[in-house]
Amino acid sequence: MKSLLIFILVHHAAAQMRRSDCSKEERRDELNPSFAEECCEGYEASPQGGCRPTCGRGCIHGSCEEPDRCKCEAGWMGEDCLETCSDRWGPDCKYRCVCQNGGICNVVNGHCTCLPGYGGNECQCRCENGATCSPDGTCICSTGWNGTRCERRVCPDHLYGPDCGKECRCVPASTETCDPLIGCLCKPGWDGPGCSTICPSDRYGKNCSSTCSCKNEARCDPENGACDCTPGWYGSECATKCLAGKFGVDCKKDCKCKNGAACDPATGTCTCPPGFKGQRCGRKCDQWSYGLNCSKTCDCELESTSSCDTANGSCTCKPNRYGTKCESQCGGGTIGEECNEYCKCGEELVCDGPKQKCFCPPGWTGTGCREHCPGGFFGRGCGETCPECGDGEGILVIGLVLWKR
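Counted from 1, the sequence shown has number 300 at position 300 by the working numbering; the numbering is strictly sequential.
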């Protein structure tokens, strides 16, 4: 009885030990390791023996590698491997397709199926006229053809056309080559039969196909379209006028004009303001000339004018003269530039406006003008000398000599 109890306890302990010894695939009998007593959760018995993982959805285009996890075949992806690759290839679509020019990518191995006319591992080259495409993408031309795509027929020099039956008649200086397909191939800046015509002034480049952007009558280079500015302008399109003080080609020269004269941006010629003259406008007009380049003559009474304005020709009158030409004299005892002042002479004195002095009446002199002129003199201020009177006694009365015999 005691032996039976010991057997039961040992067997129970072994069973407990067997149930707790479960690997990720199966539980094994400790007493017989080759025998799988039962599979772990997520696994099932395999017909070949042992346990295998189970995937609930089923791996349609793949295999169940772990519980509920599929490993897809090349070209398939997704949890149950039902989605085909798009722009990718290989197991689980982990590689990117590299096909070019519309080539179709094999989702299993990544190989490219090229459209007609294309070749190369990635459909990167396009070969014509029976050429083959090497794996690196270059064209291997058939006999009689060359070019990147084998598009050019090989003709003898100076011949072109489908059967090399036409002769190139090109101007050598303006021609790049005799193209075997189209004939004369012109240099940039030239066009026309035989490359004999230079581009029009507003066109440039290959076959004169580009439009010039030059402004203000600038010359456009027929080869590259560069603008050659006329004097007075600068900038890539010759759209900017020279800044003040500059002139000439590309506005590189300095103006030399003086006294505020305008400088022509093209030639540097100085346009003098009124009142100045000379090549650089450094000289004032002469005393009696005025206006642009001092070309006008002042219309003033010279004896009555102190100066003429060199800019507008206006007359500045001497004292006691007035009028636009200084042609009038102050009267009525008035003096001054505008004849608005009066002489301050007494009743006995006479005012000489132009000289702004007070004088005695003719024939008188002295304080208060109470004395006659001395003998032999007469007139204002007794400044005139009497003529010879001959024998007799004369009396001077205001410049007249009365005779007694």
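Think of the CB as a built atom: it goes at the ideal place given N, C-alpha and C, for glycine as much as any other residue.
Nothing here was measured: the structure is a model prediction, and the numbers come from that model.
Measuring straight from C-alpha to C-alpha, what distance separates residue i and residue j?
i, j, result
"Lys256", "Cys317", "36 Å"
"Glu79", "Thr138", "42 Å"
"Cys85", "Cys97", "10 Å"
"Arg180", "Pro116", "Correcting the residue type first, residue 180 is Pro in the shown sequence and not Arg. Taking the straight line joining both Cα atoms gives about 25 Å."
"Cys339", "Glu327", "13 Å"
"Asp254", "Thr324", "42 Å"
"Leu302", "Pro362", "29 Å"
"Cys369", "Gly376", "18 Å"
"Gly165", "Leu159", "6 Å"
"Met310", "Lys296", "The residue you asked about is not Met; residue 310 is Thr in the sequence shown. If you take the alpha carbons of Thr310 and Lys296, they lie about 9 Å apart."
"Met77", "Tyr204", "57 Å"
"Val171", "Ser196", "6 Å"
"Thr365", "Arg380", "8 Å"
Buried or exposed for residue i, going by 16 or more other Cβ atoms inside 10 Å?
i, result
"Ala244", "exposed"
"Asp191", "buried"
"Arg126", "buried"
"Glu388", "exposed"
"Ala131", "buried"
"Lys24", "The predicted model places Lys24 with a pLDDT of 48, which falls under 50 and marks its position as unreliable; any figure quoted below should be read in that light. Lys24 comes out exposed."
"Asn109", "exposed"
"Lys94", "exposed"
"Asn224", "exposed"
"Pro413", "The first residue shown for the chain is 1 and the last is 405, placing residue 413 beyond what the model contains."
"Ser304", "buried"
"Pro374", "exposed"
"Ser306", "exposed"
"Ser174", "buried"
"Gln124", "buried"
With distance defined between alpha-carbon atoms, name the residue in the options nearest to residue i.
i, options, result
"Val107", "Pro162, Cys72, Gly137 and Cys127", "Cys72"
"Cys238", "Gly90, Ala218 and Lys252", "Ala218"
"Lys258", "Thr297, His111, His372 and Cys281", "Cys281"
"Arg321", "Thr310, Glu341 and Ala311", "Glu341"
"Cys51", "Cys386, Glu65, Gly58 and His61", "Glu65"
"Ile104", "Asp92, Lys94, Asp87 and Ser295", "Asp87"
"Val156", "Cys150, Gly183 and Ile140", "A quick correction: the sequence has Pro, not Val, at residue 156. Closest by alpha carbon: Gly183."
"Glu122", "Cys112, Val171 and Tyr290", "Cys112"
"Arg57", "Gly49, Asp68, Pro47 and Gln48", "Asp68"
"Leu292", "Gly275, Cys308, Arg283 and Pro200", "Gly275"
"Pro162", "Asn129, Pro193, Asp136 and Gly120", "Asn129"
Please name the residue or residues paired with residue i in a DSSP beta bridge.
i, result
"Ile182", "Paired residues: none, contrary to the question."
"Pro53", "Tyr43"
"Gly379", "None; Gly379 has no bridge partner."
"Pro91", "Ala74"
"Lys246", "Asp254"
"Cys105", "Cys112"
"Lys241", "Trp233"
"Glu219", "The residue you asked about is not Glu; residue 219 is Arg in the sequence shown. According to DSSP, Arg219 bridges with Asp228."
Curious, which full-length beta strand (DSSP E) runs of at least 3 residues does the segment 270-350 contain?
305-308 and 315-317
Residue ranges of each beta strand (DSSP E) within the segment 134-207, 3 or longer
175-179 and 183-186
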